[in-house]
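Each remark here refers to the structure printed beneath this line.
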Amino acid sequence: MPIPEDVTGDEIDKDVRQELQSLPKTLAEDVARNLVMVARLIDEDPEGAYAYSKVALRLASRVAAVREAAGFAAYANQKYGEALAEFRAARRMTGNTDLWPVMADCERGLGRPEKALDMAGAPDVHKLDKAGQVEMRLVAAGARRDLGQLDAAIVTLQSPELASNAVQPWTARLRYAYADALLAAGRDGEAREWFAKAVEADKDGSTDASDRLAELDGVEFVDALSEDEGEDKGSGGGAAEVQDGPDEGDRD
Numbered sequence: 204m205p206i207p208e209d210v211t212g213d214e215i216d217k218d219v220r221q222e223l224q225s226l227p228k229t230l231a232e233d234v235a236r237n238l239v240m241v242a243r244l245i246d247e248d249p250e251g252a253y254a255y256s257k258v259a260l261r262l263a264s265r266v267a268a269v270r271e272a273a274g275f276a277a278y279a280n281q282k283y284g285e286a287l288a289e290f291r292a293a294r295r296m297t298g299n300t301d302l303w304p305v306m307a308d309c310e311r312g313l314g315r316p317e318k319a320l321d322m323a324g325a326p327d328v329h330k331l332d333k334a335g336q337v338e339m340r341l342v343a344a345g346a347r348r349d350l351g352q353l354d355a356a357i358v359t360l361q362s363p364e365l366a367s368n369a370v371q372p373w374t375a376r377l378r379y380a381y382a383d384a385l386l387a388a389g390r391d392g393e394a395r396e397w398f399a400k401a402v403e404a405d406k407d408g409s410t411d412a413s414d415r416l417a418e419l420d421g422v423e424f425v426d427a428l429s430e431d432e433g434e435d436k437g438s439g440g441g442a443a444e445v446q447d448g449p450d451e452g453d454r455d
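Under my numbering, read the sequence shown as residues 204 to 455, first letter to last.
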């Protein structure tokens, strides 16, 4: 796999770099550069990230950070069985519980929501930091929804973190999940309130809460050119018009 010349491997986290010190210098550099590519591509090009992760895995399968990166790359490509195997391997190597929520979500992806709920009640959850516990709550609520237990999903998300006015890295996603669960349960008014709260917390656009809020308000986005194909395309530039329209209903 080709790697751009500007990728040196020094971009990786210092803890990962320390793990790679167990490898010969040249090999460590090659692994590091591949891990940088995984991190660089995983959001925009998950298939590319997966390919680089397989190279890193072939070079250094006994390094926990490599197994973890391979797990996240597989997870991004919805290869949940493979991701779970890699996460388990990384956890065995480190004894760390940080991967517990994403492992549980892999169980959901494999069609085993009951297993995910078992993991949500395991002692390992108490070893997670606050962010990990919130993530576990999100996974558990998703598992409840998988089982058709909408009210239980709503209750699962009700927590001090949800009620807090403080904005944390997880706040937007937590509020969004709560709004979405309310909407699925037919509680549209409350859902709108929480989508609005999610928008307030979502400074980097990590969710589509603003679009969901617009849908509930009956706002429809229409491509101006599609309305009038005879219009001069040079002057239109692909602009969009906002029109009031009927509520399109719930969307999971």
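Don't be surprised by glycine CBs; every beta carbon is placed ideally from N, CA and C.
Residue i and residue j closer than 8 Å at C-beta
| i | j | result |
| --- | --- | --- |
| A268 | V219 | yes |
| A375 | A343 | no |
| Y381 | L360 | yes |
| A273 | E289 | yes |
| W373 | L331 | no |
| V241 | A276 | yes |
| A404 | R378 | yes |
| L226 | V234 | yes |
| V402 | S409 | no |
| G212 | E232 | yes |
| C309 | A334 | no |
| L296 | R270 | For the sequence presented, residue 296 should be read as Met rather than Leu. In contact: M296 and R270 (Cβ atoms closer than 8 Å). |
Chain-order list of residues whose beta-carbon lies under 7 Å from that of residue i (same chain, five-residue window excluded)
| i | result |
| --- | --- |
| P316 | A346, D349 and L350 |
| A388 | L353, D354 and I357 |
| P326 | none |
| L385 | I357, E393, A394 and W397 |
| V337 | E364, W373 and L377 |
| L416 | R395, F398, A399 and V402 |
| D420 | none |
| V178 | Here the chain covers residues 204 to 455 and nothing more, so residue 178 does not appear. |
Sequence-distant residues of its chain with Cβ nearer than 6 Å to residue i (five each side left out)
| i | result |
| --- | --- |
| V266 | E222 |
| E214 | V239 |
| K257 | none |
| T229 | none |
Cutoff 8 Å: residue i Cβ touching any chain B Cβ
| i | result |
| --- | --- |
| L341 | Of the protein chains in this structure there is only one, and it is not chain B. |
Rounded Cβ spacing between residue i and residue j (contact assumed at less than 8 Å)
| i | j | result |
| --- | --- | --- |
| L313 | Y283 | 5 Å |
| R390 | S362 | Actually they are not in contact, since the Cβ atoms of R390 and S362 sit about 18 Å apart, beyond 8 Å. |
| N237 | Y253 | Contact doesn't hold; Cβ gap of about 12 Å is too wide. |
Residues of its chain near residue i, where Cβ-Cβ distance is below 8 Å and the 5 sequence neighbours each way are ignored
| i | result |
| --- | --- |
| K400 | R378 and A382 |
| E151 | Because the chain is modelled from 204 through 455, residue 151 falls outside the range shown and cannot be assessed. |
| N368 | none |
| P249 | A276, A279 and N280 |
Residue i: CB within 7 Å of a non-hydrogen atom of the ligand HEM
| i | result |
| --- | --- |
| R236 | Of ligands this structure carries none, so the ligand HEM is not represented either. |
Note to self: List, from N- to C-terminal side, the alpha helix (DSSP H) runs of 4 residues or more that fit wholly inside the region 279–355.
What the structure shows: 283–297, 303–312, 316–323 and 333–349
Check: Where are the beta strand (DSSP E) runs, 3 residues long or more, that stay fully inside the region 230–265, in chain order?
Finding: none
Next item on the list: Write down every uninterrupted run of the alpha helix (DSSP H) in the region 379–421 whose length is 4 residues or greater and which is fully enclosed by it, in chain order.
Entry: 391–404 and 412–419
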